[in-house]
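Residue numbers (our numbering), protein chains in the order written: chain A, 1 to 305; chain B, 1001 to 1305; chain C, 2001 to 2305; chain D, 3001 to 3305.
Even for Gly, the Cβ is constructed at its ideal location relative to N, Cα and C.
Presented below is the structure to which this report refers.
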């Protein structure tokens, strides 16, 4: 049941968007084309059916279809991670092992969250330990309080990091102190991945191994560039790149959500397309704001080089 | 597509718990027995697959099975409401029309909530209007910020109440000012149901039509008694009953969640059974606290008579 | 040190605004005129230098001046309560005994709040017990989380209500469940006063003794009318009055703060005048909104009669 | 009115604790001794009567006494900053100019915060601009949402940084993204100082000029060491020092507040003494926890060298 060969999760992973046609059906060809473009970058791998992939809007069948298609479209050196967290323990285990069967290297398991006040550290510990015991691939904890209202704090991560099948965490709150506390308390080799492009460099500075960044769907090379600047100790350059990425991180991802990111993809040569309802399409003013951010961003990145 | 015959939603509705066996499979016989007991009360009807019914832990097949079973077990005079809210608009419509086909009188539609910051009043309005347009039975808005992080405020409820197929709201925040603001702003005949036993009487005082109360699964007669005292203007008695229900509302429902309520059912002659994981079973100290609340509550209710 | 003669705090108290001249100096004549008008109502008494009195903008000398002036302007049957809460225990005791010396019947003592995370129930208990021990007049607890970030919960109130010199609480959160929990847990005779006009009637319904209502500065008769309707069991009328007061409570007090209330006073025949800086004067659109609320309110109250 | 000679605020400043005797009176000799010890470090200067100095518990006379004493005890090369923020604009201006008269180089001006909902960006802008216009020394904005409930966001800081007499900000939220956004948007030369030792290094990484750190009262050399490691580009060392400071930052400052910090000072050869009431003295278990943190910290720092 346990996975023992080490998986190197350092680097940048985009949580892929899920392309839809105008009628909200899956746009498989466009997915393949997006992946083909990402294959030509230095991205470390892909997360499929994460939050940005609109996982909560997908049926079980659609989810498995997406996993299979990306598996086929990606070369073996790209690490594939499937988002498999559901509200019930049994459903999460079921999804995780489906992903394993389809050749995924690891699963990203979001905290259950509907019954917030019951999701105490003890309840979360039991949940993740049960899933880890039953999963045929290693799992990463996924803490995303802006969506779930639940944050996994360092003491719980430390406790879970002792399990051989729990190999990392995606921490998406943007709280750099929490990243530092997690880094300081987990076993060696446990991968702390940051899920917020706006705090990527400061998180790397305190010891994060990499990032699962929605922004990397739109700006993969720029995110990878920041990663390498930080890793190679080019502080000035890393700071400059981080500051230049801030408005994009804020507008494309945080303010306008999946719809904003998909619009940006359309502007940048990928397929974005519509988000599923109830997400609204972007207003004209939002489109204009993103256009300006992308323009200003382009200028700033160039001057930083 | 629209439903025009008026449905009287005043009174008390329990959101039924979903009985499970020890292996987490549906315990259908026990469900039937619980409903048979509730049939002998003055409850106005039942909500099936609401939050308390652990809707988010159920598969689509289980959900439809539960709807069919309760439909069969309940007499025609009990109003049946199905919880049908999903994250995507299309899935909510699909579930709502399944419930219609199975003979449900109305659907309770929770706010989508995962992408919280995108769930603006405009996005929620479009969501509920689309669902209402497509639904073959009338719908109620379900606002439960303690689980979703999203509250539907009075101006939006007023706007939605203009749609002929949106006939009411379950407002579960416990915020009595919000109940009053909604009552003051919706069209006549729109049913404001409170989803919090701890504020049932003050909510009725400002004009709520009734309640969908998890506590009514455990204490149906006492909740109905409070409803009638409030309606018939017995202020002293209503106040006393409300204060006596407070500790039960807090312990059985708010503090210990579905597990606490199910434990109480087991103590009170219904079938409670286990909750699905990741919900934990109750600790011994929690059981003890509930036992004490039930004992003290029994004493207080008696002295109030 | 203890005060034993009982003080009946039922009814409606306005927390008086502090009139300033255009140069921000105290406008004593206008204060006297306001009090003279309030003397002709059925208000139970006055709170001086509460939050609405801009207590935190006043020097020690100004505070004592205001206490002396209102003492002189008010007839003996009006109960006078002084706001005396400071951040340090010693300063609060000092102010409370100054108010006692100037003839005040009781002191309203706000929770210290700057060091929020340190203000545990134990720290607050020690604070209030020390102040109560040292005070020459009885004190009321003042819990106003919208300003302080600190709420005093029922178990702590129950504990403090055992002290003979702590005779009541002003609970301003608008949380009716909390009011009910406090009523259910304190000793008999302990006065629970609500500090939110928007939830006045539902709070009275669950057992509050009265209210300290900023709205009563502008609309004293209407607040008193609601109080008497609720007390005499006229449910329909109380509900109607409460709903009619909602927009005024929201606009005049919650949305636009002291500046909004002072503007309303100017419109209603009292002296409002400017608030002290950094409070801004009202925008034209805010003034217009208040004008409309006052107009609509007038109409609705009349039709309710 | 304006100050034009540039003041270099880079480096580490402790916000000095205010020593009290057992009877809560000022302990002036102990203050002088503490300052004498700090004079032998590389601290850039001192903040007097900040939050950590229990400013809100001090009378006006005590405040001025403290300013005068520290002025006398500190050598000219240490930059002196006075905490002068009060709730009213006029009182803040009065205090700021008292500090100027006593020889302080700058004033640290906390956001007014009692009437939170009225403290909009426009109201805060007017406040800081008025104070800056009237102040005879330059001012720093002080944003400390954990105490005030109010955060000053980057667009407002950018706007205020245009005023020649507003020369910097102390940002104490620990939100590194906000630090980065401020750095990216203010005029050149505007000093962004971080007020949270737990995020000192990541904040420096994104461009902060230094820190005003409560932890630097207890561990001045270690904070200065981290500052210099970060500034000289020793990433590994800076990361290690930051992680080693985390438990101290959390326990001594965040969890146990001023009482925890003063206890630590007593353990480390400074005078700590009691905090003023209502702050409680430390429990034995809290003391024990701090003892352990100081011991573990000492070990870790040594091994990092």
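Among the options, nearest to residue i - alpha-carbon criterion
i                       : options                           : result
residue 172 of chain A  : A/108, A/125 and A/224            : A/108
residue 157 of chain A  : A/179, A/147, A/285 and A/138     : A/179
residue 1133 of chain B : B/1087, B/1193, B/1167 and B/1185 : B/1167
residue 104 of chain A  : A/42, A/294, A/87 and A/63        : A/63
residue 1280 of chain B : A/73, A/124, A/181 and A/276      : A/124
residue 1091 of chain B : A/284, A/285, A/295 and A/276     : A/276
residue 3020 of chain D : D/3008, D/3101 and D/3034         : D/3034
residue 3149 of chain D : C/2182, C/2115 and C/2139         : C/2115
residue 1054 of chain B : B/1145, B/1278 and B/1242         : B/1278
residue 3213 of chain D : D/3230, D/3195, D/3144 and D/3119 : D/3195
residue 3006 of chain D : D/3079, D/3059 and D/3022         : D/3079
residue 61 of chain A   : A/88, A/77, A/99 and A/170        : A/99
residue 3065 of chain D : D/3095, D/3077 and D/3235         : D/3095
residue 2144 of chain C : C/2181, C/2009, C/2101 and C/2193 : C/2193
Cβ-based neighbour list, residue i, same chain, cut-off 7 Å, excluding 5 preceding and 5 following
i                       : result
residue 287 of chain A  : 263
residue 1292 of chain B : none
residue 3 of chain A    : Since pLDDT at residue 3 of chain A reaches only 44, below the 50 mark, its modelled position is unreliable, and no value is offered.
residue 57 of chain A   : 276
residue 29 of chain A   : none
residue 1285 of chain B : none
For residue i: DSSP bridge partner residues
i                       : result
residue 80 of chain A   : A/46
residue 2056 of chain C : Its beta-bridge partners do not exist; DSSP assigns none.
residue 1191 of chain B : B/1168
residue 1026 of chain B : B/1020
residue 11 of chain A   : A/210
Neighbourhood of residue i by C-beta, 6 Å cutoff - its chain only, sequence neighbours within 5 removed
i                       : result
residue 2025 of chain C : none
residue 3081 of chain D : 3047, 3106 and 3108
residue 3176 of chain D : 3199, 3202 and 3203
residue 32 of chain A   : 73
residue 2249 of chain C : 2197, 2198 and 2215
residue 97 of chain A   : 136
residue 3042 of chain D : 3224
Contact set for residue i: own chain, Cβ-Cβ below 8 Å, skip 5 residues either direction
i                       : result
residue 2290 of chain C : 2251, 2252, 2256, 2260, 2263, 2264, 2267 and 2282
residue 3037 of chain D : 3269 and 3270
residue 1227 of chain B : 1011, 1012, 1200, 1204, 1210 and 1211
residue 2245 of chain C : 2197, 2198, 2200, 2215, 2219, 2222, 2223, 2226 and 2297
residue 1155 of chain B : 1121 and 1185
residue 3117 of chain D : none
residue 1 of chain A    : At residue 1 of chain A, the pLDDT of 39 sits below 50, so the modelled position is not reliable; the number obtained from the coordinates is stated separately. If we look at residue 1 of chain A and ignore the five residues flanking it on each side, its Cβ neighbours are 133, 134, 135, 136 and 165.
residue 3075 of chain D : 3039
residue 87 of chain A   : 112, 113 and 114
Residue i beta carbon near the ligand ATP (any heavy atom closer than 8 Å)
i                       : result
residue 2174 of chain C : The model on display carries no ligand, and the ligand ATP is accordingly not part of it.
Are there three or more Cβ pairs, one per stretch, closer than 8 Å when the stretch 2180 to 2189 of chain C is compared with the stretch 2154 to 2163 of chain C?
A contact exists between the stretch 2180 to 2189 of chain C and the stretch 2154 to 2163 of chain C.
Are the stretch 2098 to 2112 of chain C and the stretch 3247 to 3262 of chain D touching by the rule of at least three beta carbon pairs closer than 8 Å?
With a cut-off of 8 Å, the stretch 3247 to 3262 of chain D and the stretch 2098 to 2112 of chain C do not count as touching, because too few Cβ pairs lie within range.
Any contact of the stretch 1040 to 1047 of chain B with the stretch 1013 to 1023 of chain B, i.e. 3+ C-beta pairs under 8 Å?
Contact annotation: the stretch 1040 to 1047 of chain B touches the stretch 1013 to 1023 of chain B, with at least three C-beta pairs closer than 8 Å.
Can you list, in chain order, the stretches of the alpha helix (DSSP H) that have 4 or more residues and sit fully within the stretch 2067 to 2149 of chain C?
If one requires a minimum length of 4 residues, the alpha helix (DSSP H) runs lying completely within the stretch 2067 to 2149 of chain C are 2089 to 2101, 2121 to 2134 and 2145 to 2148, in chain order.
Segment contact flag, the stretch 2068 to 2084 of chain C with the stretch 2049 to 2059 of chain C, C-beta cutoff 8 Å, min 3 pairs:
Taking a contact to require three or more Cβ pairs closer than 8 Å, the stretch 2068 to 2084 of chain C and the stretch 2049 to 2059 of chain C qualify as touching.
May I have a chain-ordered list of the alpha helix (DSSP H) segments no shorter than 4 residues that lie completely inside the stretch 2203 to 2285 of chain C?
Taking only runs of at least 4 residues, the alpha helix (DSSP H) segments lying wholly in the stretch 2203 to 2285 of chain C are 2215 to 2218, 2220 to 2231, 2235 to 2248 and 2257 to 2267.
The stretch 1123 to 1139 of chain B contacting the stretch 54 to 72 of chain A, beta-carbon criterion three pairs below 8 Å:
Put simply, the stretch 1123 to 1139 of chain B does not touch the stretch 54 to 72 of chain A. Fewer than three CB pairs are less than 8 Å apart.
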